[in-house]
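Q: Number 111 in full-length UniProt numbering belongs to position 111 of the sequence shown; there are no gaps in the numbering. Quick one: the structure is below, questions incoming.
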Amino acid sequence: MAYLEHRPSGTLYQYCSQEGFFGITRSKRLWFSDLAEANDPREIELGFEKFIEALKSVRHDEYSGERGIFLSILASKLAPYRKNIHAFCACFSQAPDELPMWSAYASSYTGLAIGFRPTALLGISGRVQKVRYLNDNTAADFRRMVLDVAQDLDRAPPAIDTDYWIPASVSVFAAVTALKHQSWSYEREVRMIHIQTKKPTEGVPTGMLPDGTETHWTEPLVRQVDGRPISYLEFPFGQYRDGAYDPRRAIKDVIIGPKCTLTELEVRDWLERCGFEDVVVRQSTCAVR
């Protein structure tokens with residue numbers, strides 16, 4: 001079941017290569033890649049370091065004394081927690097048919113953009129979050145984030161109350177993984193993040209399905225990207241009911257990239273053969289020299 005830190009109201013686009021398009025639509029599954037192995041390895045480190053700095057500052061200034069003990073507990077939990085978990089992420093954009101997106105994420109304009117209905121993601125065990133674009137030199141942005149977190153935390157549980165602090169740490173860490181530098185703001189990114197420990201944990205669930213069924217640790221798969229191994233997990237998409245996913249109306253539209261060799265007829269025929277219904281297929285209006 002998706003935890004909606006952000007509740008998307010419009011179509012979520014995943015730009016991909018032709019190979020990715022065929023793989024996603026054939027398997028009816030999304031790939032969640034390990035953020036630690038992402039293109040920018042500083043992505044998580046940037047957010048985490050700045051968040052901890054801001055947390056200490058807020059603890060000293062706004063929440064001094066006993067009033068801020070809960071923030072000290074949080075800080076003590078986050079550092080070891082970060083070392084023992086993997087954050088797997090599927091990335092979407094609220095920006096349809098954007099030239100920079102075609103260039104960066106759709107094999108240099110030759111791929112496609114799959115437009116998912118938000119309801120297609122609700123059955124996945126993960127957290128839906130809108131990326132926050134921050135200036136890494138602006139401590140005030142991180143302080144505001146810490147103050148928002150402080151408002152949401154229960155200040156009563158003691159440090160030994162793992163039933164509270166583990167979910168709280170997961171929530172905070174997931175928020176930190178959804179930070180990016182403001183230079184990427186044109187992407188209008190929404191992320192779905194699934195967090196699990198690096199090693200199997202007996203009896204500890206990683207999430208829950210809409211019917212209350214717990215999900216547990218899964219062995220990551222590995223694929224090669226530009227000669228580098230990337231760990232990932234697969235999750236089925238579609239409306240979840242009666243213990244199964246129905247993907248027939250999961251996709252609202254598909255945009256064919258500016259240099260994609262596939263025709264609208266070919267894409268529409270493929271989607272119908274895969275069992276998808278009422279999908280609008282259109283050509284990109286972006287001009288590429």
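For glycine and all other residues, C-beta sits at the position ideal for the given N, C-alpha and C.
1) So, do the region 156 to 171 and the region 92 to 111 have three or more beta carbon pairs nearer to each other than 8 Å?
2) Cutting at 6 Å between CB atoms, please list the residues of its own chain near VAL146, excluding the five before and the five after it.
3) Please classify LEU12: does DSSP put it in a helix, a strand, or coil?
4) Determine, using beta-carbon pairs with one atom in the region 189 to 205 and one in the region 117 to 132, whether at least three such pairs fall under 8 Å.
5) Is the CB-CB distance between LEU30 and VAL172 below 8 Å?
6) Pull the bridge partners of GLU214 from the DSSP assignment, please.
7) State buried or exposed for ARG132, treating a residue as buried only when at least 16 other CB atoms are found within 10 Å of its CB.
8) Is DSSP giving HIS6 helix, strand or coil here?
9) Grab me the residues of PHE22's own chain with a C-beta within less than 8 Å of its C-beta, minus the 5 sequence neighbours each way, in chain order.
10) For the 8 Å Cβ check, are there 3 or more pairs between the region 8 to 16 and the region 115 to 123?
11) How big is the Cα-Cα spacing for ALA168 and VAL149?
12) For GLY203 and LEU209, I'd like the C-alpha separation in whole angstroms.
13) Give, in chain order, every unbroken run of the alpha helix (DSSP H) that is at least 4 residues long and sits entirely within the region 242 to 275.
14) Would you be able to state if there are at least three C-beta pairs under 8 Å between the region 57 to 72 and the region 173 to 183?
15) Going by DSSP, what residues sit across from THR197 in a beta bridge?
16) Residues bridged to ILE230 by DSSP?
17) Would you kindly report the start and end of the unbroken alpha helix (DSSP H) that includes ALA104?
18) What are the boundary residues of the beta strand (DSSP E) that ASP34 is part of?
19) Just checking my contact of ARG248 with GLU277 at CB under 8 Å: how many whole Å lie between their CB atoms?
20) Measuring straight from C-alpha to C-alpha, what distance separates GLY207 and TYR245?
21) Roughly how far, in whole angstroms, is the beta-carbon of ILE114 from the beta-carbon of VAL280, given that I think they are within contact range, below 8 Å?
22) From TYR109 to GLY257, what distance separates their C-alpha atoms?
23) What is the rounded straight-line gap between the Cα of GLU45 and the Cα of ALA87?
24) To the nearest angstrom, report how far apart ARG289 and LYS259 are at their CA atoms.
25) Going by Cα to Cα distance, which pick from CYS89, GLY227, GLN94 and ILE251 is closest to GLY238?
26) Identify, in the order they occur along the chain, each residue of the same chain with its Cβ nearer than 7 Å to the Cβ of ASN84, setting aside the five sequence neighbours on each side.
27) Could you check how far apart the C-beta atoms of ALA106 and SER33 are, in whole angstroms? I think they sit under 8 Å.
28) For PHE142 and LYS50, what's the separation of their Cα atoms in angstroms?
29) Confirm the yes/no value for this check: CB of VAL254, any heavy atom of the ligand NAD, distance under 7 Å.
30) Do LYS28 and PRO157 come within 8 Å of each other at the CB atom, strictly closer than that value?
31) DSSP three-state call for LEU153: helix, strand or coil?
A: By the coordinates alone:
1) no
2) ALA54, LEU55 and VAL58
3) strand
4) yes
5) no
6) MET208
7) buried
8) coil
9) TRP270
10) yes
11) 10 Å
12) 16 Å
13) 264 to 273
14) no
15) ILE85
16) ARG223
17) 99 to 105
18) 29 to 34
19) 5 Å
20) 17 Å
21) Not quite, the Cβ-Cβ distance comes to about 12 Å (not below 8 Å), so this is no contact.
22) 5 Å
23) 13 Å
24) 10 Å
25) ILE251
26) THR197 and LYS198
27) Not quite, the Cβ-Cβ distance comes to about 16 Å (not below 8 Å), so this is no contact.
28) 7 Å
29) The model on display carries no ligand, and the ligand NAD is accordingly not part of it.
30) no
31) coil
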